[in-house]
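Peer 1: The sequence shown begins at 6 in this note's numbering and counts up by one.
Positions of the beta carbon are idealized from the N, C-alpha and C atoms, including for glycine.
As the structure is a computational prediction, the values presented were derived from the model and not from experiment.
The structure's right below; bear with me while I get my questions together.
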Amino acid sequence: MGRRDFRIVLIKPSHYDADGYVIQWMRSTIPSNSLASVYGLLDECGRDCVLGQGVEIAIEAFDECNTIVDISGIAARIKADGGGFVGLVGVQSNQFPRALDLTRQFRAAGLPVVIGGFHVSGCISMLPDLPADLQEALALGASLYAGESEGRMAELLRDVAAGAAKPVYNYLGDMPGMAAATFPILPREIVTRVAGHYTSFDAGRGCPFQCSFCTIINVQGRKSRYRTPDDVEAIVRANAGQGVTRFFVTDDNFARNKNWEPILDRLIELRERHGFKMRLLLQVDTLCHRIPGFIEKAARAGCNMVFIGLENINPESLMGTKKRQNRIWEYREMLQAWRRAKVMTWAGYILGFPTDTPQSIARDIEIIKKELPIDILEFFCLTPLPGSEDHKKLYLKGVPMDPDMNKYDLEHVLTAHPVMSKAEWEQIYLNAWKIYYTDDHVETILRRGMASGIDTRKIVDALTIFSGATRIEGVHPLQFGFVRRKVRRQRRHGMPIENPSIFYPRRAVELSAAAGRWFLLARRYRAIRRRVLASRNAASYIDEALIPPMADGAMPHFVQVFADRIPKTHGAPAQEALAG
Ligand code: B12
Ligand code: SF4
């Protein structure tokens with residue numbers, strides 16, 4: 006008997022813009038680790054011949070953020086092989102409506118569909134019943150996959166191949182160990198669709214903290230599960246072997262990965278002894294500078310940019326969301342520690358905490374600009390994400406939340422606020438980008454970068470994207486890519502397909518207007534950089550944000566502003582220090 010193929014097509018769905026078109030680009034900017042994880046697991050199933058010696062497992066993988074999905078072509082290929090399925094991978098809440106639309110079309114073509122990712126896992130982990138959208142997926146005949154699939158993918162494949170896929174696979178109660186887990190990998194031709202050829206891996210999962218807006222702890226748990234240095238080395242070598250050396254390490258909090266040190270030591274060895282030129286983007290918490298050697302080793306291992314969950318500078322807001330580990334009086338010291346290691350800092354900032362007003366938000370952003378040496382700041386609306394404690398509480402109390410999951414992208418206002426109207430909250434979200442990314446502040450950031458020896462070319466590129474994404478493309482920088490694509494026929498279910506004579510001329514105008522605005526922005530920021538580089542004494546630039554913490558223990562001005570809201574917990578500054 007000859008061999009036959011079992012074709013699995015993995016799609017990481019994107020989501021829709023306000024006009025119902027899929028948000029996608031010629032090149033995306035951030036790789037999908039969910040796609041790499043599931044690809045790696047299926048690739049292993051193929052090598053292990055889990056469907057028998059006579060069946061070749063063929064895998065295709067698409068990230069919809071950078072690739073247009075050819076639905077009828079995929080259906081034809083799976084049918085021609087006589088078996089297979091479509092896997093919708095890493096589907097977040099905001100991507101679930103798109104995932105449902107894809108499911109509808111693939112199911113109409115008679116193909117099995119399996120949907121996994123944080124929306125399915127978060128809802129099943131936290132809610133007493135299945136929300137309407139998950140029920141709709143089941144009604145369409147899709148299978149829902151909750152929990153992690155390491156070590157259990159073969160079972161699913163055998164079920165699908167036998168035509169006996171279960172409606173729900175639920176492994177939430179059984180989180181796999183990571184010590185010998187199969188690792189994420191994507192073929193080079195998929196990685197190169199991401200600008201800068203970044204790929205990703207998770208060196209661990211789980212976070213010990215308890216932030217109430219976080220979904221991660223309720224899906225991946227609070228216990229640190231981590232990969233071995235050998236496996237991390239194998240990931241680096243496998244990617245380097247195909248010319249890929251830039252990594253987004255997707256651990257939500259790499260500083261709390263209990264194996265961080267042996268992992269960094271191995272990466273340092275690869276760089277310093279074996280000449281691997283890798284670059285790392287890490288995500289950490291605001292206390293990481295307290296871990297001896299962490300920042301220094303991260304930098305030596307190739308970390309040149311770090312994402313920090315700053316979230317807010319008002320201690321009352323931080324306490325309200327159980328983000329107790331964020332101690333604002335340590336922020337400046339922590340940011341300066343990264344600067345000393347010449348690592349660019351990128352911080353997330355949430356708008357819409359209960360006591361926030363448009364005025365207080367604007368004031369706080371100005372304080373940050375003046376007193377904290379952050380390079381990139383990005384804004385989010387406080388969002389009850391399915392899977393979080395916040396969402397569960399509102400859901401159980403029946404508090405109104407916007408029912409359209411497509412809007413759960415942290416850019417929309419979805420619930421009522423005690424002080425701000427919906428319009429005020431929406432407006433201050435848009436204004437926040439303008440308040441932070443002024444030309445004057447861009448110049449300050451570049452001056453600070455020069456003084457700290459951070460690569461100003463990298464800073465200026467990041468500043469251009471973060472300053473322009475929302476204002477020019479109308480999307481959050483985390484969803485941004487280069488050259489927006491819209492497919493006339495791939496519009497949100499229920500919205501009309503536009504007439505070509507209206508659609509295409511409008512697209513031409515949109516594209517050229519966006520290109521013009523990007524050109525002007527990039528030119529302006531590059532001119533600022535040239536001015537900074539040419540200025541005398543650039544290397545000795547100093548301002549309040551760069552002044553080291555005061556030796557006498559007195560607190561920075563902004564900490565004194567919030568003195569009455571700092572909880573009197575262990576480690577909090579003494580009242581005399583707060584008094585200045
Ligand atoms: C890396 C990352 C990104 C990357 C890449 C996306 C990706 N998924 O790879 C980028 C930067 C693009 C991104 C963006 C956003 N993200 Co994000 N992201 C993450 C992060 C940190 C890691 C994802 C990951 O790799 N996880 C590890 C993989 C292995 O887990 P997994 O996706 O659950 O997959 C496993 C199982 O679910 C299952 N599985 C998954 N799919 C499938 C499919 C099949 C067929 C099968 C059988 C099994 C299966 O098997 C996998 C292996 O075990 C997660 C947090 C986290 N810890 O997961 C947040 C997270 C997924 N992001 C989140 C959000 C909200 C966003 C944003 C909307 C906003 C923001 N602030 O981050 C944007 C917008 C994205 C968009 N385009 O719309 C939320 C989603 C919550 C929710 N309810 O949906 C999370 C959970 C973080 C959080 N804030 O709570 N993100
Ligand atoms: S520190 Fe980050 S990953 Fe950990 S609980 Fe808080 S939001 Fe979640």
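1) Y26 by DSSP, collapsed to three states: which one?
2) If M310 sits next to L286, beta carbons under 8 Å apart, how far is it from one beta carbon to the other, in whole angstroms?
3) When you compare each of V488, L161, K491 and K439 to L468 by their alpha carbons, which one comes out closest?
4) Can you tell me the Cα-Cα spacing of A559 and E371, whole angstroms?
5) Measuring alpha carbon to alpha carbon, tell me which residue in Y354, H396, L47 and D548 is nearest P192.
6) Report the rounded CA-to-CA distance for V249 versus V196, giving the unit in angstroms.
7) Is F567 near the ligand B12 - that is, is its Cβ less than 7 Å away from at least one heavy atom of it?
8) Using a Cβ-Cβ cut-off of 8 Å (strictly less than) and excluding sequence neighbours within five positions of T72, which residues of its own chain qualify?
9) If you measure between the beta carbons of F123 and T34, is that distance less than 8 Å?
10) Classify D134 as helix, strand or coil using the three-state DSSP reduction.
11) So, under 8 Å CB-CB, P391 and L419 are touching, yes? Tell me the CB distance rounded to an integer number of Å.
12) Just verifying my parser: in three-state terms, what is the DSSP assignment at S426?
13) Assess, as a yes-or-no matter, whether the stretch 175-190 is touched by the stretch 227-234 under the definition of 3 or more beta carbon pairs within less than 8 Å.
14) By alpha-carbon positions, which one of I552, L145 and F524 ends up nearest to R587?
15) Of the choices V566, V537 and R489, whose alpha-carbon is the least far from that of M31?
16) Relative to the ligand SF4, is the shortest distance from any of its heavy atoms to the C-beta of N258 smaller than 7 Å?
17) Could you spell out the range, first to last residue, of the alpha helix (DSSP H) harbouring Q110?
18) Please state whether DSSP places F487 in a helix, a strand or coil.
19) I need the straight-line Cα distance from I79 to I470, nearest angstrom please.
20) Going by the DSSP bridge assignment, what does D10 pair with across the sheet?
21) So, are the CB atoms of W351 and I381 less than 8 Å apart?
22) Would you mind sorting M500 into buried or exposed? The rule is 16 or more other CB atoms within 10 Å of its CB.
23) Which runs of the alpha helix (DSSP H), 4 residues or longer, sit entirely within the stretch 251-309?
24) With a threshold of 7 Å (Cβ to nearest heavy atom), would H3 be considered close to the ligand B12?
25) Across which residues does DSSP place I381 in a beta bridge pair?
26) Looking at the secondary structure, which residues open and close the beta strand (DSSP E) in which F206 lies?
27) So if DSSP puts K17 in a beta bridge, which residue, or which two residues, is it bridged to?
28) For a test of the three-state rule: what should DSSP assign to E416, helix, strand or coil?
Peer 2: Concretely, from the data shown:
1) Y26 falls in the strand class under three-state DSSP.
2) For a cut-off of 8 Å, the C-beta gap from M310 to L286 is around 5 Å, short enough to register as a contact.
3) Put simply, of V488, L161, K491 and K439 the residue whose alpha carbon is nearest the alpha carbon of L468 is K439.
4) When rounded, the distance between both Cα atoms is 21 Å.
5) Per the C-alpha coordinates, the member of Y354, H396, L47 and D548 positioned closest to P192 is L47.
6) A straight line joining the alpha-carbon of V249 with that of V196 spans about 8 Å.
7) Not one heavy atom of the ligand B12 is found less than 7 Å from the C-beta of F567.
8) Excluding residues within five positions, the ones whose Cβ falls inside 8 Å are Q29 and R198.
9) No, the pair does not count as a contact, with Cβ atoms beyond the cut-off.
10) In the structure shown, D134 sits in coil (DSSP, three-state: anything other than H, G, I, E or B).
11) Contact between P391 and L419 does not hold, since the beta-carbon distance rounds to 11 Å and is not under 8 Å.
12) Note: S426 maps to coil in three-state DSSP.
13) As far as the Cβ criterion goes, the stretch 227-234 touches the stretch 175-190, which means the pair count is three or higher.
14) Nothing about residue 587 can be read from this structure; the chain reaches only from 6 to 585.
15) The residue among V566, V537 and R489 with its C-alpha nearest the C-alpha of M31 is R489.
16) True, at least one ligand heavy atom lies under 7 Å from that Cβ.
17) Where Q110 is concerned, the enclosing alpha helix (DSSP H) stretches over F101 to A113.
18) F487: strand per DSSP, three-state reduction.
19) Within the model, the alpha-carbon separation for I79 versus I470 is close to 33 Å.
20) Secondary-structure assignment with DSSP links D10 through a beta bridge to E61.
21) A contact, by the Cβ cut-off of 8 Å.
22) Exposed.
23) With a minimum length of 4 residues, the continuous alpha helix (DSSP H) runs that stay inside the stretch 251-309 are 265-277 and 299-305.
24) The question about residue 3 has no answer here: the residues shown for the chain are numbered 6 through 585.
25) Bridge partners of I381: W351.
26) Counting along the chain, the beta strand (DSSP E) containing F206 begins and ends at Y203 to F206.
27) In the DSSP output, where bridge partners are listed per residue, K17 has D68.
28) It is coil, neither helix nor strand.
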